[in-house]
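4 protein chains.
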Amino acid sequence: MSELKKAKPENTLGRKRDHTLDTRILEAAIEILAELGFDGMTMDMVAARTKSGKATLYRRWPSKAELVRDALIWMSQSSVELEHLPDTGNLRDDLLALVKPYSLEFSERKLRVLAKLGSFFSEHRKIAEEASAGIFGPWTDFNRTLMQRAIKRGEIPAQADIEMACQVIIAMTSYRSITQGQPFGRTDYAALLDHILLPGLKHQQ
Amino acid sequence: MSELKKAKPENTLGRKRDHTLDTRILEAAIEILAELGFDGMTMDMVAARTKSGKATLYRRWPSKAELVRDALIWMSQSSVELEHLPDTGNLRDDLLALVKPYSLEFSERKLRVLAKLGSFFSEHRKIAEEASAGIFGPWTDFNRTLMQRAIKRGEIPAQADIEMACQVIIAMTSYRSITQGQPFGRTDYAALLDHILLPGLKHQQ
Amino acid sequence: MSELKKAKPENTLGRKRDHTLDTRILEAAIEILAELGFDGMTMDMVAARTKSGKATLYRRWPSKAELVRDALIWMSQSSVELEHLPDTGNLRDDLLALVKPYSLEFSERKLRVLAKLGSFFSEHRKIAEEASAGIFGPWTDFNRTLMQRAIKRGEIPAQADIEMACQVIIAMTSYRSITQGQPFGRTDYAALLDHILLPGLKHQQ
Amino acid sequence: MSELKKAKPENTLGRKRDHTLDTRILEAAIEILAELGFDGMTMDMVAARTKSGKATLYRRWPSKAELVRDALIWMSQSSVELEHLPDTGNLRDDLLALVKPYSLEFSERKLRVLAKLGSFFSEHRKIAEEASAGIFGPWTDFNRTLMQRAIKRGEIPAQADIEMACQVIIAMTSYRSITQGQPFGRTDYAALLDHILLPGLKHQQ
DNA sequence: CGATAAACGAGACGGTACGTCGCGTCTTCTG
DNA sequence: CAGAAGACGCGACGTACCGTCTCGTTTATCG
């Protein structure tokens, strides 16, 4: 449950901050990022599109980079709402059920955003890690849980390298989206599972 | 065999371009990128370090981005010179023998460069792809060859998804270096091979 | 009464322009012009000396040339403040009394400025005319008035070519200052009056 | 008879300089100056228009400024060829006879050139003086001779300030052409003579 | 006649100023 | 006090020009 903002003293005097603006700003940022990328996006653009002012942006975020970080995290969280994990009794189907919200739903605008952000990641390494964690962290958690269940069921051996498998999933998704700019579709994902990951987990040496 | 430069008409009149300068410029760019990243690097810095002038840089490259692209490609090509592929009669050892020049040797300056260039990749998507291809393309080619040999030897089945395996290697290296900024070391690589890739290839469903 | 600036809409929103900066900038420009001339003066120098930024200069003036024009006009207007014209009852003494603030006082910095700006005048013809008018216009007006009084007193005939005489004064001053770079001193001016202008006006054919 | 060039050692070896090029270069320079002024003129333009190279220009002149100086002098001398001074037995007609080649003939392109060179004069003071001397020097010499003859004839008194009168002529011409950019026409010149100069010289106090 | 030396056209080179644009801060006025 | 608007200091970008240099070619004189 990563927090977008540390709780500020929240002054009780004067006009209150309009926190619906936060959302509108992040949304605008995402839109512009999807079109123009990090360097192409201007703080003035964001201010103009939200009919606000630059000072308002900088009152909320100390820099463009941190605004973008929060925009990314917000984007990734905004649509994923899982009440309960899939439980088909079968690791392959469990993982496939989970890929939709986490990877495939990125396919439209979100993918474009990530694809445009190579430039951003790791110019601001720490922020990129946080954004990355915000986006991929929960998915990794879920994948890990599903695999542990599979171990309990005896579907894969106990000594299977679950962490590595989770990383491969993230790495493939991230590499294809961010570095190569192509979607990592359901078919691709199924092939990864069937041809590499599942046999690998089951027959680890 | 990606070419750094399209063959220009190469006018026969006038003073010739000093093409040793090209190399010195690219080298200087890489050094600065390793220290300061894309945004931190300045065209004036590059000019100063090569005791040349900005006009000279812009005569050769139309923008900072394209200079950086060529610098990356040049960097990736400059040190890897394999006369013959390893041939240990064993896929695991072959792949491990290859990882050193391609992944681990990046650990010094090259890794730092890649790590600093998240910001750059895919701001200039096309350039990133070219640079990526220049860097990872040859390695993929070699990995593919080694796996095909393993098929011939009967070490892995013919229907093994070689392409996917190659992509996983690249993705893991790239993800760890570029997105996470940590080296993907020999031990990690061995674990990937032993726990996932090799069993996966051998027991594909 | 030439205006330095067209009245801008003067937006009522946002931070106000600091118009004291205008003056400081013009003053700095004049100082640098006096030392280094037009080509020697750099926008960065002006910005540095006023502890401002280039963008601020270009927000106020569209080019270096127009900044210099306004600096010249400002310089010419800044120090000459005559409440009442001299009135000695004698044209020669009246004119001599006026030459000090208008010509001889230029001898210090102002003359140096004009002398350094040959290079500038009429590269930007219109600007030169405006600056010239700003500098010499008022003096011509005063000279004309003094001569008209002399006509009224019967000191010189009514048909005397006053306009031509005024132009000769300006032309000699300007030529000596701008084109030749030597001051047109009080003695020279007295000689011009005694040997040419006054006898000429009095005995016109 | 001012010399454009000091006699160089004039090496006897190697290819001879094509001195017809000198003239073509100066002519091209004048054309460009008339259109674009000093700053607008580029050494590359001059080279291009004469189908020569920049090195050729710099072999002959050490800088753009000195090329322009010689271009001005060449321009002024190129059309004035007086075998014998006018001698009408009358100072007014003598002076008027001389004004045509020296002032009025400038009216077309030459005037435009001078008008565009305010920017140049006195950024390069010395050169401007030389150009000025080259252009106006001979005219002043002729005017002086004519006035001395008038003294001999008893037309004007011996103590008349001839030098000042010559300067006034130059100053008015120069001021109107260079600083104001309007021609100083024959009518204007006649008025100057009749209303100021001649009565002034005759009745000097 | 062939060697040699300089002029020539073309254009690369180092340097420096221009004018533009974005970031992050500061200031003013309005709700 | 928050918010909209926009000026401000700073510094990099990409362009243009100066004056120098280095090519390969052409033209002259000398041995």
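In order, the protein sequences belong to chains A, B, C and D. Take the first sequence: its letter number 173 is residue 182 in our numbering, and every next letter is one higher. Take the second sequence: its letter number 22 is residue 31 in our numbering, and every next letter is one higher. Take the third sequence: its letter number 46 is residue 55 in our numbering, and every next letter is one higher. Take the fourth sequence: its letter number 115 is residue 124 in our numbering, and every next letter is one higher. Even glycine gets a Cβ: it sits at the ideal position worked out from N, Cα and C.
Collapsed DSSP secondary structure at residue i in the structure displayed
i: ILE165/C; result: coil
i: SER116/B; result: Caution applies to SER116/B, whose pLDDT of 48 falls short of 50 and renders its modelled position unreliable; the value that the coordinates give is listed next. Residue state, collapsed to three classes: helix.
i: THR21/D; result: coil
i: PRO147/A; result: helix
i: LEU94/A; result: coil
i: GLN191/D; result: coil
i: HIS212/B; result: coil
i: ASN5/B; result: No answer is possible for residue 5/B: the residues shown for chain B start at 10 and end at 214.
i: LYS109/C; result: helix
i: MET10/A; result: A caution first: MET10/A carries a pLDDT of 38, below 50, which makes its placement in the model unreliable, though a value can still be read off. The answer is coil: DSSP assigns MET10/A none of H, G, I, E or B.
i: SER131/C; result: At SER131/C the pLDDT is 48, less than 50, meaning the model places this residue with poor confidence; the figure from the coordinates comes in the next sentence. Three-state DSSP puts SER131/C in coil, outside helix and strand.
i: LYS15/C; result: Because LYS15/C sits at a pLDDT of 47, beneath the cut-off of 50, its placement in the model cannot be relied upon, and the following sentence gives the value as read from the coordinates. Of the three classes helix, strand and coil, the one that applies to LYS15/C here is coil, per DSSP.
i: ILE205/A; result: helix
Alpha helix (DSSP H) segment containing residue i, residue limits
i: LYS63/C; result: 63–69
i: LEU45/D; result: 28–49
i: ASP197/A; result: 195–200
i: GLN176/C; result: 171–183
i: GLN86/D; result: 73–86
i: ASP53/C; result: 52–58
Residue i Cβ short of 7 Å to the ligand COA heavy atom set
i: MET52/D; result: Looking for the ligand COA in the displayed structure turns up nothing, as the structure carries no ligands at all.
Touching or not, the stretch 148–164 of chain A and the stretch 177–184 of chain B, by the rule of three or more beta carbon pairs under 8 Å? These segments do not touch.
Within 8 Å, do at least three Cβ pairs link the stretch 48–57 of chain A to the stretch 97–107 of chain A? Touching, no, given that fewer than three Cβ pairs across the two stretches are closer than 8 Å.
Using 8 Å as the cut-off, can you tell me whether the stretch 74–88 of chain A makes contact with the stretch 38–45 of chain A, which would need three or more C-beta pairs spanning the two stretches below that distance? Touching, per the Cβ criterion.
Touching or not, the stretch 159–172 of chain B and the stretch 199–211 of chain B, by the rule of three or more beta carbon pairs under 8 Å? They touch, by the three-pair rule.
So, does the stretch 94–102 of chain C touch the stretch 153–168 of chain C, judging by three or more C-beta pairs under 8 Å? Touching, per the Cβ criterion.
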